[in-house]
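S.K.: Chains as they are written, first to last, in our numbering: chain A, 930 to 1092; chain B, 930 to 1092. A virtual CB, placed ideally from N, CA and C, is assigned to each residue, including glycine. For clarity, every value in this text was computed on a predicted model and none was experimentally measured.
There are 2 protein chains.
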Amino acid sequence: MEGIDPDSALPLYAQVEAALATSICDGKFAPGSPLPNETALIQQYGVSRTTIRQTIQNLIRRGLVEIRRGKGTFVLEPKITQEFTELSGFVEDMRVLGHRPSARVLDRSVVPCSETVARHLGLATGVKVVRIHRVRLANDVPISFDETYLAREIGEKVIENDL
Amino acid sequence: MEGIDPDSALPLYAQVEAALATSICDGKFAPGSPLPNETALIQQYGVSRTTIRQTIQNLIRRGLVEIRRGKGTFVLEPKITQEFTELSGFVEDMRVLGHRPSARVLDRSVVPCSETVARHLGLATGVKVVRIHRVRLANDVPISFDETYLAREIGEKVIENDL
DNA sequence: GAGTGGTCTAGACCACTCC
DNA sequence: GAGTGGTCTAGACCACTCT
């Protein structure tokens, strides 16, 4: 049934999800147009309604489709940001892989920014910025070390909100 | 059954969700402690497993609990503490503030790691790691510059999964 | 009314974690 | 092994939207 393998290590809903996501990204289902309805997907992929519904929920979470009550499930406009937010979503990435994500802040301080940082933040070199050092963990195992520079007014707002 | 009304306009999962959320906020289930398991909740509220599982999924989406595989479902620290430690998600932060988050990857390369990075990732100095440079934006305005170091095998997995 | 998704049940078998 | 959640099925009835 349409490239679905019941013996795959991947759950059925993930296989259908990948198939539909691919079709959407390929443009087989254009933005604004409806996905096939649940009954059609059930038959097309040979899985149960529960499985199809889990697939759809995941596509919604990924921002690829939305449901309109009583009307159907529709493909959303691609967000230019999406491909990158996926990468930046450490939390989501880890959860997808079945890990428990967390993070530890090692340091927060105000420092003059380097030329590189200045260029990318649209500041002058040497302007004070907030620097945060952080370790991200999955199941308490350190995965990444992270240095973040924030423009100062925003960084301070973040720190405030934190308290 | 514990204040659940099958004839309510509210779906059962929403009623159970409200009950559990209340217990969590009241401190009846303290942060770090486990929720009753699915079987117990099924009996306590007199609903099916599907319903309980939908309830839990919603609590997860609300950031109140997390599931640890094979162990159980645990109450998380209240959100404010969480912002910077648990859920350091830029994406979530910005959405809370009503901004449209995105990110731009400037560079991805494999480099020998510094002593600092090595220490935090539990590696030897000089081991090859994946370095990612990224600018994060809110409403297309650059907010932060970001340098991330990933242990190599994981970094490459991330790059693959990126599709 | 016909078509859509929303909610719900009662089962089943599997994978992971801890002992 | 026992206990946890993860996946999946095959049904059922309901609420919404459009015509």
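In chain order, what residues of the same chain have a beta carbon less than 8 Å from the beta carbon of Ala948 of chain A, not counting five sequence neighbours either side?
M.R.: Glu931, Gly932, Ile933 and Tyr974
S.K.: Using a Cβ-Cβ cut-off of 8 Å, state whether Val976 of chain B counts as contacting chain A.
M.R.: no
S.K.: Under 7 Å between beta-carbons, which chain B residues line up against Leu993 of chain A? List them in chain order, please.
M.R.: The premise fails here: Leu993 of chain A is roughly 13 Å from chain B at the closest Cβ pair, so nothing lies under 7 Å.
S.K.: Output the residue ranges of the beta strand (DSSP E) runs that lie fully inside the stretch 935-971 of chain B and measure 3 residues or longer, sorted by chain position.
M.R.: none
S.K.: Per DSSP, what kind of secondary structure is Ile933 of chain A in: helix, strand or coil?
M.R.: DSSP places Ile933 of chain A in coil when its eight states are reduced to three.
S.K.: With a threshold of 8 Å between beta-carbons, can Tyr1078 of chain A be considered close to chain B, or not?
M.R.: yes
S.K.: Sort out for me which residues DSSP pairs Gly1055 of chain A with in a bridge.
M.R.: None; Gly1055 of chain A has no bridge partner.
S.K.: May I ask you to verify whether the stretch 1058-1067 of chain A touches the stretch 1038-1045 of chain A, counting CB pairs closer than 8 Å and requiring at least 3?
M.R.: yes
S.K.: Hey, does Thr1002 of chain B have any beta-carbon neighbour from chain A nearer than 8 Å?
M.R.: no
S.K.: Helix, strand or coil for Glu1044 of chain B? Go by DSSP, reduced to three states.
M.R.: helix
S.K.: Write down the C-beta distance between Arg978 of chain B and Glu995 of chain B rounded to the nearest angstrom, noting that I regard them as a contact closer than 8 Å.
M.R.: Their Cβ separation, rounded to whole angstroms, is 19 Å, which puts Arg978 of chain B and Glu995 of chain B out of contact at 8 Å.
S.K.: Counting only Cβ pairs nearer than 9 Å, list the residues of chain B close to Val1064 of chain A.
M.R.: Around Val1064 of chain A, the beta-carbon contacts reaching into chain B at under 9 Å are His1049 and Leu1050.
S.K.: Using a Cβ cut-off of 9 Å, pull out every chain B residue sitting near Asp1036 of chain A, in sequence order please.
M.R.: Ordered by position in chain B, no residue passes the 9 Å Cβ test against Asp1036 of chain A, which lies about 10 Å from the chain.
S.K.: Determine the burial state of Leu1079 of chain B: buried for a count of at least 16 other Cβ atoms within 10 Å of its Cβ, exposed for fewer.
M.R.: buried
S.K.: Given that Val1046 of chain A touches chain B, what residues does it touch there, using C-beta distances under 8 Å?
M.R.: Phe1074
S.K.: Quick one: what's got a C-beta closer than 8 Å to Gly1046 of chain A's C-beta in the same chain, skipping five residues either side?
M.R.: Gly is not the amino acid found at residue 1046 of chain A; the sequence shown has Val there. Only Leu1052, Val1058 and Tyr1078 meet the Cβ criterion.
S.K.: With distance defined between alpha-carbon atoms, name the residue in A:Pro963, A:Thr984 and A:Thr951 nearest to Arg998 of chain A.
M.R.: A:Pro963
S.K.: Return the CA-CA distance between Gly1001 of chain A and Leu1050 of chain B, expressed in angstroms with no decimal places.
M.R.: 47 Å
S.K.: Nearest to Val1064 of chain A by CA position, among A:Ile981, A:Leu941, A:Gly956 and A:Arg1033, is which residue?
M.R.: A:Arg1033
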